[in-house]
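Residue numbers (my numbering): 3 to 540. Accompanying notes for the structure given below.
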């Protein structure tokens, strides 16, 4: 009998499952495939070079760069504030909802239960659009508050489902027995119910925290001034290039996540969570929420300037000096293309004081009354700007913009692969470089190239000329590696691409880091763009 009992002891398998060598091999390969991106990210975070495609030696300089990147750490701070607040609120509400659904009978219970599933099955992009439309309807300015409320609305359903699964196995007669013995409903819940469902609550809280930290789409739609999170920040950074700095901050987050998971494992193994008194949990909740409220109040009382700008478009020292001189906090949010900022302004109530649209976008925003006139007499250095930049086709009066920077398009090429320096746009249609060409993923720029190559007048834009240019671009498509506006540098450095249609700013970065590359302006002409400072009406 004792032998049989020993065989039935927990943790002792009577019939261990045997894994075949083939199954073990396949499982190992799958695990390797899943973990290899993480390993590569960690390794290349210590790369001394600025390219993530070539190892140039061990260095910690990118960790130093990441630690000194104020905008990056502001995004991390926002991410943690939002995630912690969301976790506390959604866990509390989700647990209450799960308890109510499992414990009580009430009218419309089935409808309420089905509504819980909406955020789970609804595409996140639709959810994000619906939320920002709702906030605009209520005239609520986007910011940390709207992001937290949006995250809670999204994650509370997941918490309810996870905790609800724990309640499915709970015997409510235990709670009823406690009530019969004189315990209050609150005491019975905290002393009898909560200890049993605690693992489910903790799991739901961890899942809610993870969803919040990782969320991009909902945050993108509902974030406002000074509330960009790490995913939004990283997205805006990689639209221009992937640097070891991103790998460094990713490695730090991987380490913190690993430490948290290990700590959670040992806490669960030691049953420490079950011994923590509910009063302590409630006290911790009050302290954290209070701290977040004080932080928000403190930051909210200081004068602020909210700027929506391209990534890496202004020196951080300028921002720091301005804040020290005028005691005004500058909040920088980032976008990756002009259409992104247009969409933000069209949604309304952005809260931005300054934006940096390109020339054609100034024209669109001016006509849609999304930007206001600027009193240039209040700007002492305005007189030093070249008069040729003060007015243009996009703003003939010069009242809606202040020119900030200009550039032009051309071709960056690999001198080792393209022996004869190109002189014409025609090289982007050269069969010899099939699969080695990248052009911008921008309809306006592509048609400009086609018009210049064909010698057409871009000001006329007749239907016949547009059709001719379109046919030319169709012929080019099979020769291209891809349409790409974001990570042109990485494709050039890796050697996958030898010719790239890009702007002078990107070309200078490529040439500065690698002498193999050069840049030319084709003889047929090119497009000059001007990025400007404007003031939104909302």
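Beta carbons: idealized from backbone N, C-alpha and C, even for Gly. In this text, all values refer to a predicted model and were calculated from it rather than measured experimentally.
One question on the structure: do residue 226 and residue 164 come within less than 8 Å of each other, judged by their Cβ atoms? Not in contact: residue 226 and residue 164 (Cβ atoms no closer than 8 Å).
Near residue 2, what residues of its chain come up, given a Cβ to Cβ distance below 7 Å and the 5 sequence neighbours on each side ignored? It is not possible to answer for residue 2, since the shown part of the chain is limited to 3 through 540.
Going by Cα to Cα distance, which pick from 25, 333, 395, 345 is closest to residue 76? The shortest Cα separation from residue 76 among 25, 333, 395, 345 belongs to 333.
Does the beta-carbon distance from residue 71 to residue 157 come in below 8 Å? In this structure, residue 157 does not lie closer than 8 Å to residue 71 by Cβ.
Could you check if residue 99 is buried or exposed, using at least 16 other CB atoms within 10 Å of its CB as the buried criterion? By the Cβ neighbour-count rule, residue 99 is buried, with 16 or more other Cβ atoms within 10 Å of its own.
Residue 455 and residue 341: beta carbons closer than 8 Å? The criterion of a C-beta distance shorter than 8 Å is not satisfied by residue 455 and residue 341.
Less than 8 Å between the beta carbons of residue 475 and residue 436, yes or no? Cβ distance not < 8 Å, so residue 475 and residue 436 don't count as in contact.
Taking the beta carbon of residue 6 as the centre, do at least 16 other beta carbons fall within 10 Å, making it buried, or is it exposed? Here the model assigns residue 6 a pLDDT of 49, short of 50, so the residue's position is not dependable, and the following value carries that caveat. Around the beta carbon of residue 6, fewer than 16 other beta carbons lie within 10 angstroms, which makes this residue exposed.
Thinking C-alpha only, which one of 383, 441, 128, 103 is nearest residue 172? If you compare the alpha carbons of 383, 441, 128, 103 with that of residue 172, the shortest gap goes to 103.
To the nearest angstrom, how far is it from the Cα of residue 423 to the Cα of residue 246? So the alpha carbons of these two residues sit roughly 31 Å apart.
Within its chain, find whatever has a CB closer than 6 Å to the CB of residue 302; leave out the 5 residues flanking it on each side and keep chain order. Unreliable positioning characterises residue 302 in this predicted model, as indicated by a pLDDT of 49, which lies under 50. The coordinate reading is nonetheless provided below. In its chain, beyond the 5 residues on either side, no residue has a beta carbon closer than 6 Å to the beta carbon of residue 302.
Ignore the nearest five residues each way along the sequence and tell me which others in residue 78's own chain have a CB closer than 7 Å to its CB. Cβ contact annotation for residue 78 (same chain, cutoff 7 Å, sequence separation greater than five): 232, in chain order.
Is it buried or exposed, residue 85, if we count other Cβ atoms within 10 angstroms and call 16 or more buried? With at least 16 other beta carbons inside 10 angstroms of its own, residue 85 counts as buried.
Integer-rounded CB distance, given that residue 238 should sit under 8 Å from residue 336: Contact between residue 336 and residue 238 holds, since their C-beta atoms are separated by about 4 Å, short of 8 Å.
Touching by the beta-carbon criterion (3+ pairs, under 8 Å), the stretch 519-533 and the stretch 402-409: Look at the beta carbons and you see the stretch 519-533 touching the stretch 402-409: at least three pairs across the two are nearer than 8 Å.
Please look up how many angstroms separate the CB atoms of residue 308 and residue 64, rounded, as I've assumed it's under 8 Å. Contact flag wrong, Cβ pair sits at about 29 Å.
Should residue 368 and residue 397 be called a contact, given that it needs their Cβ atoms to be closer than 8 Å? A contact, by the Cβ cut-off of 8 Å.
Measure how close the beta-carbons of residue 357 and residue 310 come, nearest whole angstrom, since I'm counting them as under 8 Å. Their Cβ separation, rounded to whole angstroms, is 5 Å, which keeps residue 357 and residue 310 in contact under 8 Å.
Identify, in the order they occur along the chain, each residue of the same chain with its Cβ nearer than 7 Å to the Cβ of residue 501, setting aside the five sequence neighbours on each side. Once the five neighbours on either side are set aside, the close Cβ partners of residue 501 are 413, 415, 420, 429, 430, 435, 438, 439.
Note down the Cα distance separating residue 62 from residue 512, rounded to an integer number of angstroms. Here the alpha carbon of residue 62 sits roughly 22 Å from the alpha carbon of residue 512.
Specify the secondary structure class of residue 527 as computed by DSSP and reduced to three states. Here residue 527 sits in coil by DSSP.
Below 8 Å, can you find three or more Cβ-Cβ pairs linking the stretch 167-185 to the stretch 258-269? Contact between the stretch 167-185 and the stretch 258-269 is absent, because fewer than three Cβ pairs lie under 8 Å.
Top-ranked residue by Cα proximity to residue 452, from 515, 519, 524: Taking only the C-alpha atoms, the option nearest residue 452 is 524.
Assigned secondary structure, residue 67 (DSSP; H/G/I helix, E/B strand, else coil): Three-state result, residue 67: helix.
Residues in its own chain within less than 7 Å of residue 230 by CB, not counting five upstream and five downstream? Within the same chain, residue 230 has close Cβ partners 77, 80, 335, 336.
Which residue comes first and which comes last in the alpha helix (DSSP H) that contains residue 211? Annotation for residue 211: the continuous alpha helix (DSSP H) segment containing it runs 196-216.
Pair within 8 Å by beta-carbon distance, residue 373 and residue 402: One thing to note: residue 373 has its Cβ within 8 Å of the Cβ of residue 402.
In the structure shown, what three-state DSSP assignment does residue 60 receive? It is a strand residue.
Please classify residue 217 as buried or exposed, where buried requires at least 16 neighbouring CB atoms within 10 angstroms. Counting of Cβ neighbours within 10 angstroms places residue 217 among the buried residues, the total reaching 16 or more.
Secondary structure at residue 537, three-state DSSP: helix, strand or coil? Three-state result, residue 537: strand.
How should residue 390 be labelled, buried or exposed, when 16 other C-beta atoms within 10 angstroms of its C-beta is the threshold for buried? Counting other Cβ atoms within 10 Å of its Cβ, residue 390 stays below 16 and is therefore classed as exposed.
Hey, residue 443 and residue 486: beta-carbon distance below 8 Å or not? Yes, Cβ-Cβ distance for residue 443 and residue 486 is below 8 Å.
For residue 349 versus residue 515, is the C-beta distance shorter than 8 Å? Against a cut-off of 8 Å, the Cβ pair of residue 515 and residue 349 comes out as no contact.
Coil, strand or helix - residue 190 by DSSP: Looking at residue 190 - three-state DSSP - the assignment turns out to be helix.
Count Cβ pairs between the stretch 111-131 and the stretch 182-199 that sit closer than 8 Å; are there 3 or more? Short answer: they don't touch.
Between the Cα of residue 131 and the Cα atoms of 122, 222, 60, 119, which residue gives the shortest distance? For the set 122, 222, 60, 119, the Cα lying nearest the Cα of residue 131 is the one of 222.
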